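Undergrad:
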Amino acid sequence: MAAGRPARLAVGVVSAGRVGAVLGAALAAAGHHVVATSGVSRDSVRRAEALLPDVPLKAPDDVVAGADLALLAVPDDVLPGLVRGFAAAGCFRPGQIVVHTSGAHGVGVLAPAVEHGVLPLALHPVLTFTGRSEDVARLHGACVGVTATEDDEVGWSVGEALVVEMGAEPVRVPEAVRPLYHAALAHGANHLVTLVRDCADLLDRAGIRPAERLIAPLLSAALDNALRHGDRALTGPVARGDAGTVAVHLRELDAVDPDLARTYRALASRTAHRAQAAGMLPDHAAQDVLRTLQEDPQ
0 MAAGRPARLA
10 VGVVSAGRVG
20 AVLGAALAAA
30 GHHVVATSGV
40 SRDSVRRAEA
50 LLPDVPLKAP
60 DDVVAGADLA
70 LLAVPDDVLP
80 GLVRGFAAAG
90 CFRPGQIVVH
100 TSGAHGVGVL
110 APAVEHGVLP
120 LALHPVLTFT
130 GRSEDVARLH
140 GACVGVTATE
150 DDEVGWSVGE
160 ALVVEMGAEP
170 VRVPEAVRPL
180 YHAALAHGAN
190 HLVTLVRDCA
200 DLLDRAGIRP
210 AERLIAPLLS
220 AALDNALRHG
230 DRALTGPVAR
240 GDAGTVAVHL
250 RELDAVDPDL
260 ARTYRALASR
270 TAHRAQAAGM
280 LPDHAAQDVL
290 RTLQEDPQ
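If you want it as structure tokens, here you go:
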């Protein structure tokens, strides 16, 4: 194998979940040969049929043992035990490439496989997956967090080459910062969905429908402005120092959903501090807002 350019590889996918099936399809589109996958649930079997047609379903041990590149696309908490089990069963061999897709782990979790002479890689697509064919196209333009053994430049190059072959952009993520990297992504993507659904639910409760149509342009613009302009994109009553409006919001939210009111308080406090640090909110106005956020609105 030439550094930076993987040869055509026999790929085994464990398992045909939303991520595994899509990355397997992307590797197949790049010219690699997906020789086997695993899947037990009805959804996994259907996904394999749709995205990896004619690829045989096998037991996970057999998928790994027969692969030049073993792609382990399993939940974060499952991965360590799975790797230990494959190692104990003798599934790994020298020269194999073993890739996992977990965002929370680097290559340290693959240590049992490394003892058998494999090349360890962590490739984490910074993307949400539906497990459908359009995800393969969405990989183009997406980023993939790449982690290899720190001093193994060949490993880094192989990982980056695989990502480029799938149409994505590789971003190096050192082992030591992998947990913080994953926390940042989870905080942004997961909590964004929670915020959007909370917003839509409140509008629906107020009888304003369809909520999604109403807020789509607003939230899309807010996201675009935040990415383009940073804290300068902050707007609304907190960033303007309108403490009276904030008090009204808290009164209304406390009346319909006290848990959501507590979330509003926490996020509004973060917003006030960011606006103050960015020079958008004068100190006295920031203190008025923060004091209002701490008061009982009843």
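Just so we're aligned, residue 0 is where the sequence shown starts under numbering that gives the first Met the number 0, counting upward by one. From the three backbone atoms N, C-alpha and C, an ideal C-beta is built for every residue, glycine too. Given the structure is predicted, the values throughout are model-derived calculations rather than measurements.
1) On the DSSP bridge assignment, give the partners of A171 in chain order.
2) DSSP has V10 in a bridge; who is on the other side?
3) Pick out whichever of E211, A35 and L280 has its Cα sitting closest to the Cα of D53.
4) Measuring alpha carbon to alpha carbon, tell me which of P216, Y180 and A167 ends up nearest G105.
5) Got a sec? Which residues, its chain only, sit under 7 angstroms from A2 by beta carbon, not counting five neighbours each side?
6) Assuming D60 contacts A20 under a Cβ cut-off of 8 angstroms, what Cβ separation, rounded to an integer in Å, is found between them?
7) For Q95, collect the residues of the same chain with a Cβ closer than 6 angstroms to its Cβ; drop the 5 residues on either side in sequence, then sort them by chain order.
8) In the DSSP assignment, find the unbroken alpha helix (DSSP H) run with A254 in it and report its ends.
9) Just how far apart, CA to CA, sit E251 and A260?
10) With distances taken Cα to Cα, identify the nearest neighbour of V63 among R92, L51, D42 and V44.
11) Going straight from the alpha carbon of G65 to that of V10, what length do you get?
12) Determine whether the beta carbon atoms of V18 and A72 lie at a separation below 7 angstroms.
13) Using the Cβ count rule (16 or more neighbours within 10 Å means buried), how would you classify R264?
14) Buried or exposed: where does A121 fall if 16 or more other Cβ atoms within 10 Å of its Cβ makes it buried?
15) Quick check on DSSP: helix, strand or coil for V125?
16) Let's test the definition: count the other Cβ atoms within 10 Å of the Cβ of A215 and tell me whether it reaches 16, buried, or not, exposed.
17) Quick check on H186: buried or exposed, where buried means 16 or more other Cβ atoms within 10 Å of its Cβ?
18) My understanding is that V237 touches A274, with C-beta atoms under 8 angstroms, so please give their C-beta distance in whole angstroms.
19) Please report the Cβ distance between A112 and F85, rounded to the nearest whole angstrom; I am assuming they are in contact, meaning their Cβ atoms lie under 8 angstroms.
20) Using only the alpha-carbon positions, how far apart do E114 and C90 sit?
21) Compute the Euclidean distance between the alpha carbons of D75 and T146, then round it to the nearest angstrom.
22) Less than 7 angstroms between the C-beta atoms of L50 and A24, yes or no?
23) In the DSSP assignment, the alpha helix (DSSP H) including I214 goes from what residue to what residue?
24) Is the distance from the Cβ of V108 to the Cβ of L78 below 7 angstroms?
25) Apart from the five residues just before and just after T129, which ones in its own chain have a Cβ nearer than 8 angstroms to its Cβ?
26) Roughly how many whole angstroms lie between the Cα atoms of V12 and G30?
27) Check this for me: beta carbons of A242 and V288, under 7 angstroms apart or not?
28) Less than 6 angstroms between C-beta atoms, sequence neighbours within five positions excluded: which residues of the same chain meet that for D67?
29) In this structure, how does DSSP classify A1 when only helix, strand and coil are distinguished?
TA: Let me spell this out:
1) Looking at the sequence itself, residue 171 is Arg, so the reference to Ala does not match. DSSP, once it has assigned bridges, lists V145 as partnering R171.
2) V33 and L68
3) A35
4) Y180
5) Model confidence at A2 stands at a pLDDT of 48, short of 50, so the residue's coordinates are unreliable and nothing is read from them.
6) At roughly 19 angstroms, the Cβ-Cβ gap does not stay under 8 angstroms, so D60 and A20 are not in contact.
7) V117
8) A242 to V255
9) 9 angstroms
10) R92
11) 8 angstroms
12) yes
13) buried
14) buried
15) coil
16) exposed
17) exposed
18) 7 angstroms
19) 7 angstroms
20) 12 angstroms
21) 15 angstroms
22) yes
23) A210 to H228
24) yes
25) R17
26) 15 angstroms
27) yes
28) L8 and A9
29) Any reading at A1 needs caution, since the residue's pLDDT is 43, under 50, leaving its predicted position unreliable; the model's value is listed next. Here A1 sits in strand by DSSP.
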